[in-house]
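**Student:** Quick note: the sequence shown uses the working numbering, first residue 632, plus one each step.
My questions all concern the structure below.
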Amino acid sequence: MAERQEVVFIDGVRTPFGRAGEKGMYWNTRADDLVVKAMVGLLERNPDVPRDRIDDVAIAATTQQGDQGLTIGRTAALLAGLPKSVPGFAIDRMCAGAMTSVTTLSGGIAFGAYDLAIAGGVEHMGHHPMGSGVDPNPRFLTEKLVGADALSMGATAERIHDRFPALTRERSDRYAMRSQHKAATAYDAGKIQPDLVPVAIRSEAGWALATRDEALRPETTMEGLATLKTPFRPHGRITAGNSSGLNDGATVSLLASEPAARGLGLTPKMRLVSFAFAGVEPEIMGIGPIPSTEKALAKAGLTIDDIGLFELNEAFAVQVLSLLDHFGIDDEDPRVNQWGGAIAVGHPLASSGVRLMIQLAAQFAERPDVRYGLTAMCIGLGQGGSVIWENPHYDGSRK
Ligand SMILES: CC(C)(COP(=O)(O)OP(=O)(O)OC[C@H]1O[C@@H](n2cnc3c(N)ncnc32)[C@H](O)[C@@H]1OP(=O)(O)O)[C@@H](O)C(=O)NCCC(=O)NCCS
C-alpha cells in the first residue's frame, strides 16, 4: 500500500499573457512553445530538482488540437528537455484546466503515487478561438438539457445580473476599474514580474521580448467603462471592460510530496489543505465557485472567515461579485485579488488556475500573519473549482 503524503506547492511561473488575435504579441508563437518556455523557466529557477525524479506532467488546454494537441503534457515535457523517462498527459476542464492539473496530480501525490510533478495549462485563444471546432450534441438544446445561453459565457454572466438585481452594472464596472488599478499598482511595485518568464516574440517589426501582460488598461475610468457596448445582449450589462478578455498564455507549477521536498531541500511556498469542484445550472455558470468553495471549506473544517487572502478568477466582474455577496464580503475587501485579476491581466482559459496559485504563493510570502488562502474560479457549462492552501510562513499571530 502506497504511503499517504502531504502535498506542497514548490513554485510556479507563467508567460506574460498576450492579447489574442493577429495583432497580439503571440500570433507568431506556438501554444506548445509557450508551455515549454514556462517549463524551462520553472526548471531553471529550481536547479536542485532532479529532472528524472519528476513522476508526471499534466498540462491543460481547452482546445486539444493543432499546437495544443498531441497530449501536450507529454510533448511539452519532451520539448522542454525533460528526460524521456518522464511521462505526461493532457487535461481539460475548460477555464479550470490548470487548476485540475494541480488537483489531479496532487491526488496522485497524496496517494503516494508521485513525489514530484509538474502541473499547468495553456490557451492560445488567437490560434484556437473559444468554441472553435466544437460540435455540441443537439440533444443539449432539443431536450432542453441546457438553455442556448449556456454555451455563451457572456450570456451566462448577463443571467447573473438578471438573477441578482443588487449586482448592478455600476458595481461591475467599479470592480473592473479597481482590478485594473490594482494590477497597475502591483506592476509598479514589481510584484507580478518575478514570476513571469520572458518570451522571445517575432512580428513584422522583428524580434522582441514579451515581459509584461499585453492587455492591461491602467488608465481605465468609470466614465470610459460606462460608454462601452454590451455585446452579449442589447441594453445588457456585460462589456469588454467588465469581462476578462481573449488572451494567449501558459502557466506551470511544481508540486511535491512533503517528504520529497524535505529530502531534496526544496522550500514549499504553499501547503494543500483541500479542494472541491461543484456543478450549477450551466446558464449561470459564474456562480459555480460558491458551492465549490463551500465544499472545500467543509472538507477543510474551515469557514470563510478563516480565509485571509482570496485569488478569484475574474472571468466577469459580476460572477466575482456574486461570490462576495454570497459570503458577505465587501466589493472592496482588501483580502480579495490584491494585485488585480483576470479583467486586467487576462484569462487564457486553461492556464489561469495556476496564475491564481502563483499570486497567492507570492502574497503568502509577504504575509506571515495569514494562515489560509483560497484560489477559486468558475468553469464553462456550469461548474466551479476551489482550492484552499495553507501558508508555510504563517507565524501564528492571527488566523
Ligand atoms: C467581451 C468581449 C466580446 C470583447 O471583445 P472585443 O470586442 O474583442 O474587446 P476589445 O478589447 O476590442 O474591446 C472592445 C472595446 O472596448 C474598449 N475597452 C475594453 N476595455 C476597456 C476599458 N477597461 N476601458 C475603456 N475601454 C475599454 C476597447 O478599447 C474597444 O474599443 P473600440 O471598439 O473603440 O476599439 C471579449 O473580450 C469576450 O468574449 N470576453 C469574455 C471571454 C470569456 O468568455 N472567457 C471565458 C470566461 S468563462
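All residues carry an ideal CB built from backbone N, CA and C; glycine is no exception.
When DSSP labels each residue in this structure, what does Tyr-745 get in the three-state scheme?
**Tutor:** If DSSP states are grouped into helix, strand and coil, Tyr-745 belongs with coil.
**Student:** Within the same chain, show all residues whose beta-carbon is closer than 6 Å to that of Gly-1013, passing over the 5 residues directly before and after it, in chain order.
**Tutor:** If we look at Gly-1013 and ignore the five residues flanking it on each side, its Cβ neighbours are Gly-910, Val-911, Glu-912, Pro-913 and Met-916.
**Student:** With DSSP as the reference, identify every bridge partner of Asp-879, one or two as the case may be.
**Tutor:** Note: Asp-879 sits in a beta bridge opposite Gly-649 and His-755.
**Student:** Going straight from the alpha carbon of Phe-906 to that of Arg-794, what length do you get?
**Tutor:** Cα to Cα, Phe-906 sits roughly 27 Å from Arg-794.
**Student:** Examine the Cβ distances between the segment 996-1007 and the segment 702-713 and report whether three or more of them are shorter than 8 Å.
**Tutor:** Touching, no, given that fewer than three Cβ pairs across the two stretches are closer than 8 Å.
**Student:** Kindly give me the distance between the Cβ atoms of Gly-984 and Ala-669, rounded to whole angstroms, as I take these residues to be in contact under 8 Å.
**Tutor:** Between Ala-669 and Gly-984 the Cβ distance is about 14 Å, and since that is not below 8 Å, they are no contact.
**Student:** With H, G and I counted as helix, E and B as strand and the rest as coil, what does DSSP make of Phe-863?
**Tutor:** Coil at Phe-863, not helix or strand.
**Student:** Is it buried or exposed, Met-756, if we count other Cβ atoms within 10 angstroms and call 16 or more buried?
**Tutor:** Result: buried.
**Student:** Comparing C-alpha positions only, which one of Arg-833, Ala-975 and Val-638 sits nearest to Arg-661?
**Tutor:** If we check each option's Cα against that of Arg-661, Arg-833 comes out closest.
**Student:** According to the Cβ coordinates, are Ala-744 and Gly-972 closer than 9 Å?
**Tutor:** For Ala-744 and Gly-972, no; Cβs fall outside 9 Å.
**Student:** Compare the Cα-Cα distances from Ala-948 to each of Ala-993, Arg-802, Ala-691 and Ala-836 and report the closest residue.
**Tutor:** Looking at the Cα atoms, Arg-802 is the closest of the given residues.
**Student:** Let me know the alpha helix (DSSP H) ranges lying completely inside the segment 655-722, each 4 residues or longer, listed in chain order.
**Tutor:** Listed in chain order, they are 662-675 and 703-710.
**Student:** Compare the beta carbon distance of Thr-731 and Gly-1016 with 9 Å and say whether it is the shorter of the two.
**Tutor:** Yes, the Cβ-Cβ distance between Thr-731 and Gly-1016 is below 9 Å.
**Student:** Excluding the 5 residues preceding and the 5 following Asp-826 in the sequence, name in chain order all residues of the same chain whose CB lies nearer than 6 Å to its CB.
**Tutor:** Cβ neighbours of Asp-826 beyond the five flanking positions: Val-644 and Ile-989.
**Student:** With distance defined between alpha-carbon atoms, name the residue in Val-667, Leu-1005, Leu-885 and Leu-736 nearest to Asp-937.
**Tutor:** Here the closest residue by C-alpha is Leu-1005.
**Student:** Is the number of C-beta pairs between the segment 681-701 and the segment 963-982 that are closer than 8 Å three or more?
**Tutor:** Flag = yes, the segment 681-701 and the segment 963-982 touch.
**Student:** Where Val-830 and Leu-772 are concerned, what is the direct C-alpha to C-alpha distance, given to the nearest angstrom?
**Tutor:** Each residue's Cα considered, the two are about 42 Å apart.
**Student:** Classify Val-830 as helix, strand or coil using the three-state DSSP reduction.
**Tutor:** In this structure, Val-830 counts as strand in the three-state DSSP scheme.
**Student:** Which whole-angstrom value describes the C-beta separation of Ala-689 and Phe-720, a residue pair presumed to lie in contact below a C-beta threshold of 8 Å?
**Tutor:** With 8 Å as the limit, Ala-689 and Phe-720 qualify as a contact, their Cβ atoms being about 6 Å apart.
**Student:** Leaving out five residues before and five after Val-733 in sequence, what residues of the same chain have Cβ atoms less than 6 Å from its Cβ?
**Tutor:** Around Val-733: Ala-750.
**Student:** Looking only at its own chain, which residues have a Cβ that is under 7 Å from the Cβ of Asp-780, when we skip the five neighbours before and after it?
**Tutor:** Counting only Cβ-Cβ distances below 7 Å, and skipping sequence neighbours, we find Ala-786, Thr-787, Arg-790 and Glu-914.
**Student:** Is the separation between the beta-carbon of Gln-950 and that of Cys-1009 shorter than 9 Å?
**Tutor:** Yes. Within cutoff.
**Student:** Would you call the CB atoms of Leu-966 and Pro-647 closer than 9 Å?
**Tutor:** What sits at residue 966 in the sequence shown is Arg, not Leu. Cβ atoms of Arg-966 and Pro-647: not closer than 9 Å.
**Student:** Taking a contact to mean a Cβ-Cβ separation below 9 Å, would you say Leu-776 touches Gln-811 in this structure?
**Tutor:** Their beta carbons are not under 9 Å apart, which means Leu-776 does not touch Gln-811 by this criterion.
**Student:** Between Leu-859 and chain B, is there a C-beta pair that is closer than 9 Å?
**Tutor:** In summary, chain B is missing from the structure at hand, where a single protein chain is found.
**Student:** Closer than 8 Å by C-beta to Arg-635: which residues in its own chain qualify, once you throw out the five before and the five after it? Chain order, please.
**Tutor:** Closer than 8 Å at Cβ, skipping near neighbours: Ala-741, Phe-742 and Gly-743.
**Student:** For Phe-941, which residues does DSSP report across the bridge?
**Tutor:** According to DSSP, which records beta bridges pairwise, Phe-941 is partnered with Val-967 and Leu-1005.
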